Amino acid sequence: MSRAILGFNAYIHDTAAALLIDGKLAAFAEEERFRREKHTTAWPECAIAWCLRRAGLTMREVGGVAFYWRPWLGLARRLGQTVAGLPDTLENVRRVQAGNLFKLAGVRREFAARYGYRGPFFFAPHHLAHAYHAAFHSPFDRSLVLVVDGNGEIASTLVALHEGEAIRPLAWTYYPHSLGLLWCTATEWLGYRQNSDEGKVMGLAPYGEPVFVPAMRRVIRYVGDGVLRADMDYFDYHRARRRWFGKRWEKTFGPPRRPDEPLDDRHRAVAHALQAVTEEVLLQLIAEMTSRHGIRRLAMSGGVALNCVANGRIVASGLLDDLYIPPAAYDAGAAAGAALWAERAGFGGTGREIMPAPFLGPEYSAAEIEAALQAAGLRYEKTPDIERRAAALLAADQIVGWFQDRLESGPRALGNRSILADPRRAETKDRLNARVKHREPYRPFGPSILEERAAELFETGGRPSPDMLLAFPVRAAWRDRLGAVVHVDGSSRLQTVAAARQPRYHRLIAEFAALTGVPAVLNTSFNVMGEPIVCTPADALRCFASTGIDALAIGDYLVRKEGT
Ligand SMILES: [Fe+2]
Numbered sequence: 001m002s003r004a005i006l007g008f009n010a011y012i013h014d015t016a017a018a019l020l021i022d023g024k025l026a027a028f029a030e031e032e033r034f035r036r037e038k039h040t041t042a043w044p045e046c047a048i049a050w051c052l053r054r055a056g057l058t059m060r061e062v063g064g065v066a067f068y069w070r071p072w073l074g075l076a077r078r079l080g081q082t083v084a085g086l087p088d089t090l091e092n093v094r095r096v097q098a099g100n101l102f103k104l105a106g107v108r109r110e111f112a113a114r115y116g117y118r119g120p121f122f123f124a125p126h127h128l129a130h131a132y133h134a135a136f137h138s139p140f141d142r143s144l145v146l147v148v149d150g151n152g153e154i155a156s157t158l159v160a161l162h163e164g165e166a167i168r169p170l171a172w173t174y175y176p177h178s179l180g181l182l183w184c185t186a187t188e189w190l191g192y193r194q195n196s197d198e199g200k201v202m203g204l205a206p207y208g209e210p211v212f213v214p215a216m217r218r219v220i221r222y223v224g225d226g227v228l229r230a231d232m233d234y235f236d237y238h239r240a241r242r243r244w245f246g247k248r249w250e251k252t253f254g255p256p257r258r259p260d261e262p263l264d265d266r267h268r269a270v271a272h273a274l275q276a277v278t279e280e281v282l283l284q285l286i287a288e289m290t291s292r293h294g295i296r297r298l299a300m301s302g303g304v305a306l307n308c309v310a311n312g313r314i315v316a317s318g319l320l321d322d323l324y325i326p327p328a329a330y331d332a333g334a335a336a337g338a339a340l341w342a343e344r345a346g347f348g349g350t351g352r353e354i355m356p357a358p359f360l361g362p363e364y365s366a367a368e369i370e371a372a373l374q375a376a377g378l379r380y381e382k383t384p385d386i387e388r389r390a391a392a393l394l395a396a397d398q399i400v401g402w403f404q405d406r407l408e409s410g411p412r413a414l415g416n417r418s419i420l421a422d423p424r425r426a427e428t429k430d431r432l433n434a435r436v437k438h439r440e441p442y443r444p445f446g447p448s449i450l451e452e453r454a455a456e457l458f459e460t461g462g463r464p465s466p467d468m469l470l471a472f473p474v475r476a477a478w479r480d481r482l483g484a485v486v487h488v489d490g491s492s493r494l495q496t497v498a499a500a501r502q503p504r505y506h507r508l509i510a511e512f513a514a515l516t517g518v519p520a521v522l523n524t525s526f527n528v529m530g531e532p533i534v535c536t537p538a539d540a541l542r543c544f545a546s547t548g549i550d551a552l553a554i555g556d557y558l559v560r561k562e563g564t
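Heads up: the sequence shown begins at 1 in the numbering used here, then just goes up one per residue.
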């Protein structure tokens, strides 16, 4: 009889559920997509229900449940840290931590109460959940594993060795030292939202001068043996946490930016320094650990692994033969990792698979799509060649919503719930921002490109980037022909599209190439500012109606705005 293990996370951010059947990921879903609340901390009720429904199981048939955190480890850390930092820390515990600590500690009871579940319940150590997701979904049998995030129960960074069925920790960086929390701190100081807007800081970085790089090297450094150290005088998150940055931070980098204040050279320079030093310390760590262990393959996860610019540098460094990062490298993916951990630690299982394409969410039949179109009172047509029709609209400079097949997981739209545009002219970026996305003008858009032609346009070194997790330099001859997707530093965060994995999306881009000579389209997520990526046809139609998207290609149906 087959074994089903449900992994989930809750209470902190990016809650999600994953269902593993005999070691294989049968379903995975992020709660924010159903609940329509970005980075939600809510109990993953919809995600759990959907995973079970997808697999045709009831909770009675689930053989094990795994949570992505060990609450008592976190409690021990918090206790020690509170005692060491008295009296400042008392306020922090009272105001910020206490509620969550109690919730985390009661998660098993909460699960039992909600579902009447009495079977085995596992608490996976947080960084091992991340590590298992990266390593056991990678194509590697032997690799180094690097987990870098804000923090788990007691650690913020783990270097481990993955050999066959074993993952052996080699080095830990313990809280409060944390590269991820440094990003949270800088994000707050820049007037943005933590655990949400770190990508904006990365996008801002190339606009800054390198004046603060020496100062940032004092904030965090690589001290060898796989360990990072921060100078905690720059921070306050581990003490009272009225604000995340400390006095020395303000003395060094100046006062924080209010959210409504314009960005100036100082803000840009801090973003630049943060990105530069992040790349430096990651490369130092990877260089030492790969040479010490004689391994040139790396599986990476944790929120910091979503830094596609740093990832591109890691690939370009020549330190590795191969790098694998799961698309949901942040905490949502740890739900899948927790299930993989329980499969091994709890049941001695060995089932594994290379991560399937990350299209693991809901899909909708033609009848369901048509019903949603009718309910919205829209005029539409059904067409046998939606790819060619959408490509023609893109070539005519229209903005097209593209909704096909199963919802993708992870923070990037990968061509199943995407908004597409012509990548050729820089003005398209402004038009897209003014009419649909309303993003900060400095933030880049990325292209999706036919995989077989990627190396012709970008310096990829022959590496595919199917999940949009790597940035590469654009070749000089193509810079002017890709004005809407080239960042200020001459790079692009790109997605390579293979016909075997995404036949429909590949066909669309090929049709666009036939019309324009450019084998790429601009691809941004199908949502409006502040909302998660759309999930259902109704979500897509709402987004279509409330923005300046010109046309919507949804399944085989084409909808056009009046007058376009
Ligand atoms: Fe994490």
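Beta carbons: idealized from backbone N, C-alpha and C, even for Gly.
Since the structure is predicted, the reported quantities are computational estimates derived from the model, not experimental observations.
If you check the beta carbons only, do N523 and A413 fall under 8 Å apart? Against a cut-off of 8 Å, the Cβ pair of A413 and N523 comes out as a contact.
DSSP three-state assignment for Y11, whether helix, strand or coil: If DSSP states are grouped into helix, strand and coil, Y11 belongs with coil.
Considering only heavy atoms of ligand 3, list every residue whose Cβ is less than 7 Å from one of them, following chain order. With respect to ligand 3, the structure offers nothing, as its ligand set consists of ligand 1.
Where do the ends of the alpha helix (DSSP H) carrying F121 lie? F121 -> not in any alpha helix (DSSP H); beta strand (DSSP E) instead, spanning F121 to F123.
Please name the residue or residues paired with A134 in a DSSP beta bridge. A134 is not bridged to any residue.
CB-CB under 6 Å to W189, same chain, minus the five flanking residues each way: which ones, in chain order? Around W189: F245 and P256.
Please classify S317: does DSSP put it in a helix, a strand, or coil? S317 carries a coil assignment under DSSP once its states are collapsed to helix, strand and coil.
Please report the straight-line C-alpha distance between L79 and A155, rounded to a whole angstrom. Rounded to whole angstroms, L79 to A155 spans 15 Å at the Cα level.
Among the residues of its own chain, which have a CB less than 7 Å from the CB of V565, if the five just before and after it don't count? Nothing can be reported for residue 565, as the shown portion of the chain is limited to 1 through 564.
Can you list, in chain order, the residues of its chain whose CB lies under 8 Å from that of A569, leaving out five sequence neighbours each side? Because the chain in this structure spans residues 1 to 564, residue 569 falls outside the shown range and cannot be described.
Evaluate the contact criterion for the segment 461–468 versus the segment 492–505: three or more CB pairs, one atom per stretch, below 8 Å. For the pair of segments examined, the segment 461–468 was found to touch the segment 492–505: the number of CB pairs separated by less than 8 Å reaches three.
Element boundaries [alpha helix (DSSP H), containing R412]: Segment: none, R412 is in no alpha helix (DSSP H) and carries neither H nor E.
Output the distance between the C-alpha atoms of H126 and V148, rounded to the nearest integer angstrom. When the Cα atoms are used, H126 and V148 turn out to be separated by approximately 11 Å.
Looking at A18: is its Cβ nearer than 8 Å to the Cβ of F34? Between A18 and F34, the CB-CB gap reaches or exceeds 8 Å.
Residue closest to N9, alpha-carbon to alpha-carbon, out of G333, A367, P356 and G555: N9 has its Cα closest to that of G333, out of G333, A367, P356 and G555.
Other residues of its chain near L565: CB distance less than 8 Å, five sequence neighbours each side excluded: No answer is possible for residue 565: it lies beyond the span of the chain, which begins at 1 and ends at 564.
Identify every residue that forms a DSSP beta bridge with R168. Note: R168 sits in a beta bridge opposite L161.
On a Cα-Cα basis, can you pick out the residue from G294, E363 and C184 that is closest to S409? Checked all of G294, E363 and C184; the closest Cα to S409 is E363.
For E31, count neighbouring Cβ atoms within 10 angstroms of its own Cβ and tell me buried if that reaches 16, exposed if not. Of the other Cβ atoms in all chains shown, 16 or more fall within 10 Å of the Cβ of E31; this residue is therefore buried.
So that I know if they touch, is there some Cβ in chain D lying closer than 8 Å to that of L457? The chain inventory of the structure shown lacks chain D, comprising one protein chain alone.
In three-state terms, what does DSSP make of P473? If DSSP states are grouped into helix, strand and coil, P473 belongs with the strands.
In the DSSP assignment, what are the bridge partners of Q398? Partner residues in a beta bridge of Q398, as assigned by DSSP, do not exist.
Classify W72: buried if its beta carbon has 16 or more other beta carbons within 10 angstroms, exposed otherwise. W72 comes out exposed.
Could you give the DSSP three-state label for Y192: helix, strand or coil? Assignment of Y192 by DSSP, reduced to helix, strand and coil, places it in the coil class.
With DSSP collapsed to three states, give me the class of E110. If DSSP states are grouped into helix, strand and coil, E110 belongs with the helices.
Output needed for W402: all residues of its chain with C-beta closer than 6 Å, excluding positions within five of it in sequence on either side, in chain order. Non-local beta-carbon contacts of W402 in its own chain, meaning distances under 6 Å to residues more than five positions away in sequence, involve S418, L420 and A553 in chain order.
So the beta strand (DSSP E) G150 belongs to, where does it begin and stop? Here G150 belongs to no beta strand (DSSP E), and DSSP marks it neither H nor E.
Within the same chain, show all residues whose beta-carbon is closer than 8 Å to that of D550, passing over the 5 residues directly before and after it, in chain order. Result list for D550: L393, Q398, I399, V400, R560, K561 and T564, in chain order.
With 16 other CB atoms within 10 Å as the buried threshold, where does S2 fall? Per the 10 Å Cβ criterion, exposed.
What residues match up with P447 in a beta bridge as DSSP calls it? The partner list for P447 (beta bridge, DSSP) reads L522.
Thinking just about the alpha-carbon of each residue, which of A454, P44 and A4 is nearest to the one in I12? Closest option to I12, Cα to Cα, is P44.
Below 8 Å between beta carbons: does that hold for A112 and V62? Contact check for A112 against V62 fails: the beta carbons are separated by 8 Å or more.
Based on the DSSP output, what are the partners of E30 in its beta bridges? Partner(s): A16.
Between R463 and A76, what straight-line distance do the alpha-carbon atoms span, to the nearest angstrom? C-alpha separation (whole angstroms): 43 Å.
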